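Reviewing the structure listed below.
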Amino acid sequence: MSPNSTYLNAFWENILDKLRNELSKASFDTWLSSTKLVSFVNNRLTISVSNEFAKDWLESRYSALIKSTVQNYLNRPVALTFVVEQEQNYQPEIIESNDQKFGILSHPLNRKYTFDTFVIGNGNRFAHAAALAVAESPAKSYNPLFLYGGSGLGKTHLMHAIGHIINRNFPEMKIVYVTGEQFTNEMIDSIRYERQVEFRNTYRKVDLLLIDDIQFLAGKEGTQEEFFHTFNTLYEANKQIIISSDRPPREIPTLEERLRSRFEWGLTTDINPPDYETRIAILRKKAQLENYIVPDEIITFIASSIQSNIRELEGALSKITAFCMLTNQSITVELAEEILKDMIPNRNQKIISIELIQKTVAEHYKMSVNELKQKKRTRTIAFPRQVAMYISRQLTDCSLPQIGEKFGGRDHTTVIHAFDKISEMKEHDPFVEKSINEIINKIKST
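In UniProt numbering, the protein residues as written are 1 to 446.
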């Protein structure tokens with residue numbers, strides 16, 4: 001791999017990490033996970049996508065978000081060009097559904113997510129052992145296997161690793177990987193287009209079902225009913241089921257008791273944040289896989305500074321490497337500290353919540369917080385709501401779906417629209433800029 005392509009990959013990986021935090025898992029996996037940065041010349045990024053439909057979708061729905069993310073990262077304006085990748089470099093390692101009407105149900109397994117690339121530590125040792133046992137003997141023990149833990153700790157990695165082993169050892173087995181959100185959306189579409197039989201066949205005639213982020217089914221009675229019957233069909237046919245969540249079954253709110261009990265039939269195991277030694281090992285493995293040359297003191301600095309999850313840990317390494325390649329500077333601890341200043345927690349920094357932002361915005365515009373969350377679109381309510389969404393994205397680490405949820409359960413595209421609209425108004429209307437700055441200053445001083 002050339003130094004230039006190594007830089008492009010590292011740079012784009014870091015941008016994707018930021019976008020992953022802004023979008024739902026289903027949206028990110030469907031539209032952005034397979035994109036590649038082909039070139040970066042004269043502040044123009046050329047991004048390759050898999051097909052013409054994906055190109056049109058990204059240009060119309062996500063172009064503004066990608067552009068603003070890159071500009072915030074580089075602190076300079078950029079332009080985007082999307083191109084369709086001419087040829088695929090590899091065949092999917094997952095057996096997809098024969099019914100192409102549900103094309104987004106079965107995703108290729110991520111080639112990077114294997115047992116060989118998974119770093120074992122005290123926080124994940126038991127989960128790794130259970131996953132390996134299931135991979136070697138599917139449906140013989142631990143069925144279902146329920147993995148839970150915080151974001152970015154390796155649940156999805158283990159699920160894909162299981163899929164790789166089963167696909168290699170049992171090539172005749174049909175494998176489906178899907179997120180809870182995708183399952184829900186596809187079920188809704190099957191009802192809308194009267195294709196429920198096809199939808200059920202897609203899921204109930206598999207040998208291995210990997211369903212990620214099952215907590216998305218909470219509160220969705222129709223989806224839970226459908227998944228209940230899917231689970232029963234597969235379990236009674238002795239097919240392997242693997243489920244992941246951000247919390248154990250008993251803590252998923254509004255989850256039906258019959259599902260909760262079934263999730264606990266097999267083995268439930270948690271994954272905890274990596275300890276210091278494991279973080280060191282993860283960073284060294286990442287550097288080895290990506291051909292990064294990183295001094296030990298930089299590895300130590302990152303491992304000491306970032307303790308939350310593996311995704312942020314690897315993102316920090318990619319960010320430092322990309323920056324040094326871009327600027328042709330040697331990596332030092334001082335430089336790494338400057339590069340990661342927005343990622344390293346400041347113990348004295350005040351944590352700003354969306355609730356505080358809503359309260360301050362509502363007071364500024366002499367309205368109630370409940371009005372900000374309502375569906376009304378009159379300007380006297382819509383504009384303050386957009387301001388609150390804009391500030392929420394500026395001052396918090398919440399993802400777009402999380403922000404939308406705080407404003408009456410709105411879609412992430414509504415948050416993007418609000419952010420873009422207020423950004424444009426600030427540029428052309430000094431009064432709007434002054435008002436927003438006043439609100440932000442009040443929030444920070446509260």
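From the three backbone atoms N, C-alpha and C, an ideal C-beta is built for every residue, glycine too. Computed from a prediction, not measured in an experiment: that's the story for all the values here.
(request) Would you grab the beta carbon distance between L289 and I302 for me? Rounded to a whole angstrom, and I think it's under 8 angstroms. (result) That belief does not hold up - the Cβ atoms of L289 and I302 are roughly 16 angstroms apart, past 8 angstroms.
(message) Quick check on DSSP: helix, strand or coil for I95?
(response) With a pLDDT of 37 at I95, under the threshold of 50, the predicted position of this residue should be treated as unreliable, though the coordinate-derived value follows. Here I95 sits in coil by DSSP.
(request) Sort D29, I191, S392 and F263 by Cα distance to V178 and report the nearest one. (result) D29
(request) Given a cut-off of 7 angstroms, decide if A135 and I162 are closer than it, judged by their beta-carbon atoms. (result) yes
(message) So within the UniProt domain "AAA+ ATPase" (141–269), which uninterrupted beta strand (DSSP E) runs reach at least 3 residues, ignoring any that extend past its ends?
(response) 145–149, 175–179, 208–212 and 240–245
(message) Can you give me the C-alpha to C-alpha distance between Q100 and L109, rounded to a whole angstrom?
(response) Note that Q100 scores a pLDDT of 37, beneath 50, so its modelled location is shaky; the value from the coordinates is reported in the next line. If you take the alpha carbons of Q100 and L109, they lie about 18 angstroms apart.
(message) Suppose only complete runs of 4+ residues qualify. What are the alpha helix (DSSP H) ranges in the stretch 269–334, listed by chain order?
(response) 276–290, 296–305 and 310–327
(message) Contact defined as beta carbons within less than 8 angstroms: I believe G180 pairs with F216. What is the distance between those atoms, to the nearest angstrom?
(response) 3 angstroms
(request) Would you be able to state if there are at least three C-beta pairs under 8 angstroms between the stretch 404–420 and the stretch 370–379? (result) yes
(message) Measuring CB atoms only, is the stretch 228–236 touching the stretch 114–132, in the sense that at least three cross pairs come out at less than 8 angstroms?
(response) no
(request) Compare the Cα-Cα distances from N72 to each of M389, P248, S190 and Q394 and report the closest residue. (result) Q394
(message) With H, G and I counted as helix, E and B as strand and the rest as coil, what does DSSP make of I443?
(response) helix
(request) Please classify S39: does DSSP put it in a helix, a strand, or coil? (result) strand
(message) In the DSSP assignment, the beta strand (DSSP E) including T81 goes from what residue to what residue?
(response) A79 to V84
(message) On the DSSP bridge list, what partners appear for V49?
(response) V84
(message) I need the straight-line Cα distance from P295 to E338, nearest angstrom please.
(response) 17 angstroms
(request) Drop a sphere of 10 angstroms on the beta-carbon of K174, count the other beta-carbons inside from all chains shown, and report buried for 16 or more, exposed for fewer. (result) buried
(message) For F126, which residues in the same chain have their Cβ closer than 8 angstroms to its Cβ, ignoring the five residues on either side in sequence?
(response) T269
(request) State yes or no: is the C-beta of V206 within less than 7 angstroms of the C-beta of V176? (result) yes
(request) Whole angstroms is fine: what's the gap from A133's alpha carbon to N272's? (result) 20 angstroms
(request) In the DSSP assignment, find the alpha helix (DSSP H) that holds N72 and state where it starts and stops. (result) S63 to L74
(request) Specify, as a first and last residue, the run of the alpha helix (DSSP H) that K25 falls within. (result) K25 to W31
(request) Less than 8 angstroms between the CB atoms is what I'm expecting for T223 and F263, so what's the real figure, rounded? (result) That pair is no contact at about 15 angstroms.
(message) Within 8 angstroms, do at least three Cβ pairs link the stretch 55–66 to the stretch 17–31?
(response) yes
(message) For the pair the stretch 78–86 and the stretch 49–58, tell me if three or more CB-CB distances fall below 8 angstroms.
(response) yes
(message) Assuming contact is defined by CB atoms lying nearer than 7 angstroms, are N14 and A322 in contact in what I supplied?
(response) yes
(message) By DSSP's criteria, R44 is part of a beta bridge. Which residues make up the other side?
(response) V41 and A79
(message) To the nearest angstrom, how far is the alpha carbon of residue 447 from that of A10?
(response) A question about residue 447 goes unanswered here, because the residues of the chain that appear run from 1 up to 446.
(message) Check this for me: beta carbons of S68 and K155, under 7 angstroms apart or not?
(response) no
(request) Could you check the C-alpha separation between S210 and I242 for me, to the nearest Å? (result) Residue 210 is actually Leu in this sequence, not Ser. Each residue's alpha carbon lies about 5 angstroms from the other.
(message) Helix, strand or coil for R410? Go by DSSP, reduced to three states.
(response) coil
(request) Select from K366, K285 and S392 the residue whose C-alpha is nearest the C-alpha of T380. (result) K366
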